[in-house]
Amino acid sequence: MDAQRGRTNRRRFLLIAGIPLLAVGAGTAYAVWPGPARPGPARPGPQVRTDLEPLNARFGPYVGTPVEAHWLGYDIDEKPGSAGSRTIPGPDSRIRLVGVARLAAGGAAAVTGRAEYAFAPAAAASALPAELAPYAPAGAAWQHSRQFDAYANHEGAEGHPSGEYHFDTARNLVRFDLLYLYT
Numbered sequence: 193m194d195a196q197r198g199r200t201n202r203r204r205f206l207l208i209a210g211i212p213l214l215a216v217g218a219g220t221a222y223a224v225w226p227g228p229a230r231p232g233p234a235r236p237g238p239q240v241r242t243d244l245e246p247l248n249a250r251f252g253p254y255v256g257t258p259v260e261a262h263w264l265g266y267d268i269d270e271k272p273g274s275a276g277s278r279t280i281p282g283p284d285s286r287i288r289l290v291g292v293a294r295l296a297a298g299g300a301a302a303v304t305g306r307a308e309y310a311f312a313p314a315a316a317a318s319a320l321p322a323e324l325a326p327y328a329p330a331g332a333a334w335q336h337s338r339q340f341d342a343y344a345n346h347e348g349a350e351g352h353p354s355g356e357y358h359f360d361t362a363r364n365l366v367r368f369d370l371l372y373l374y375t
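If you count the sequence shown from 1, position 182 lands on 374 in my numbering, and the numbers rise without skipping.
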């Protein structure tokens with residue numbers, strides 16, 4: 193009889209203690225469960241960066257040492273207004289690196305003066321993003337070389353870069369618009 197009463201008391205205790213614990217667990221799960229996307233404030237576009245170390249690491253050995261820069265680096269597959277990062281990673285990541293940098297004295301002339309690159313006057317293939325427009329001089333005399341692009345975007349570089357470099361020797365500037373593909 194005492195054994196029967198012990199089981200009944202244990203069951204009663206488990207029932208009384210278990211129901212609130214299950215309710216709390218279910219409420220917590222409901223609160224943290226990802227629901228449908230809620231409209232919220234749109235995230236601003238990429239912020240203009242001025243740090244030089246990432247640029248020196250990526251293409252400093254090819255274009256020379258930047259002493260001042262205004263640039264953007266962002267994932268082109270990320271949707272404007274999204275939460276900041278994709279929840280399901282894709283098979284690749286495509287990072288656009290675009291901007292204008294002032295090189296050390298004589299840096300632009302040192303690159304464009306090399307005969308093997310055959311630099312010629314050219315307009316940039318794509319427009320700069322609106323955030324960078326104030327940093328590109330309107331009267332710049334840009335020079336471009338496909339041979340230099342191939343050299344600077346060589347196979348085996350980190351991120352498989354592609355894109356263009358334009359130089360203005362009078363202002364000692366380089367304008368870059370690159371796409372890095374990480375697979």
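Even glycine gets a Cβ: it sits at the ideal position worked out from N, Cα and C.
Nearest to residue i by CA position, among the options, is which residue?
i: Arg306; options: Ile208, Ser337 and Pro238; result: Ser337
i: Val292; options: Ala344, Ile208, Ala249 and Pro321; result: Pro321
i: Thr242; options: Ser285, Leu324, Arg363 and Gly331; result: Leu324
i: Pro258; options: Ala300, Ala332 and Gly265; result: Ala300
i: Val255; options: Val240, Ala297, Asn201 and Ala332; result: Ala297
i: Pro238; options: Tyr266, Pro246, Asn248 and Leu247; result: Tyr266
i: Ala342; options: Glu308, Ala249, Tyr374 and Pro326; result: Glu308
Cutting at 8 angstroms between CB atoms, please list the residues of its own chain near residue i, excluding the five before and the five after it.
i: Trp334; result: Pro313, Ala314, Ala315, Ala316, His358, Phe359, Asp360 and Arg367
i: Ala310; result: Ser337 and Gln339
Excluding the 5 residues preceding and the 5 following residue i in the sequence, name in chain order all residues of the same chain whose CB lies nearer than 6 angstroms to its CB.
i: Asp369; result: Val290, Ser318, Gly355 and Glu356
Output yes if chain D places a C-beta closer than 9 angstroms to the C-beta of residue i; else output no.
i: Pro238; result: The chain labelled as chain D is not found in the depicted structure, where only one protein chain is given.
Measuring straight from C-alpha to C-alpha, what distance separates residue i and residue j?
i: Ala261; j: Ala302; result: 19 angstroms
i: Phe251; j: Ala344; result: 7 angstroms
i: Glu270; j: Pro253; result: 30 angstroms
i: Arg363; j: Ala332; result: 8 angstroms
i: Leu264; j: Leu244; result: 12 angstroms
i: Ile424; j: Ile208; result: Nothing can be reported for residue 424: it is not among the residues displayed for the chain, which extend from 193 to 375.
Return yes when the Cβ of residue j is within less than 9 angstroms of the Cβ of residue i, no when it is not.
i: Leu365; j: Pro329; result: yes
Helix, strand or coil: which one does DSSP assign to residue i?
i: Asp360; result: strand
i: Arg204; result: helix
Note down, in chain order, each residue of its chain lying with its Cβ closer than 7 angstroms to the Cβ of residue i, except the 5 sequence neighbours on either side.
i: Ile211; result: none
i: Tyr327; result: His262 and Val292
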